[in-house]
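Peer 1:
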Amino acid sequence: MATLTTTGAAPVLRTDFSDQQAWLAVRGAIVAPSEGDGFLADVEFVDDPAFDGWTAQQILGMATREAVGFQACIFVVDRITLTSADWPVLVIDLQEDRGREFRAAASVLYQIEGNLSICNMDFFEFADAVQADGVYRGF
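Residues in the sequence shown are numbered from 362 upward in steps of one, following the numbering used here.
#1: Does the segment 402–409 touch the segment 365–376, meaning 3 or more C-beta pairs lie closer than 8 Å?
#2: Give me the DSSP bridge partner(s) of P372.
#3: Give me the Cα-Cα distance between N476 and M482, rounded to the nearest whole angstrom.
#4: For T368, collect the residues of the same chain with a Cβ closer than 6 Å to its Cβ; drop the 5 residues on either side in sequence, then sort them by chain order.
#5: Which same chain residues, not among the five before or five after L421, have their C-beta less than 6 Å away from its C-beta?
#6: I'd like the list of long-range same chain contacts for F487, defined as Cβ closer than 6 Å, with 5 residues on each side in sequence excluded.
#7: Please name the residue in A402, W448, V438 and L443 whose C-alpha comes closest to that of T416.
#8: Determine the closest residue to P449 out of G397, G499, Q381 and S379, with distance taken between C-alpha atoms.
#9: Are F485 and C434 close, meaning C-beta to C-beta below 8 Å?
Here it is as structure tokens:
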């Protein structure tokens, strides 16, 4: 049975195991320092094949307060992420509007994680700033 526990960093949950090279590239984009400022996302990668194929609803069901603490969101690397330009990671709200979701380019997750973790911005501000294709790429 799959279980999720985190160390306090925002979880990045892998739900597609079809392309190891793409997974490594996405991980690299997520942890790369931002251009100019050098900001970093404080994330914890969950790379457990027990989560292969999980849906957003299944993830919400196990992303309890006991499992993820007070994390504002969970980042999900799924098939869409691994097969699309910009590696659009699924971002799911775990707090205010639990279950609301949008996609964000892997390279800007530091903006979301950083601002949500210090309560500088709300989830809806990022969700409402997606581009026409439904992907947030920054302000």
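All C-beta atoms in this analysis are idealised placements derived from N, C-alpha and C, irrespective of residue type, glycine included.
Remember, it's a predicted structure, so these values are computed and weren't measured experimentally.
Peer 2: Let's see:
#1: yes
#2: E405
#3: 5 Å
#4: E405
#5: G460
#6: I473 and Y497
#7: V438
#8: G499
#9: no
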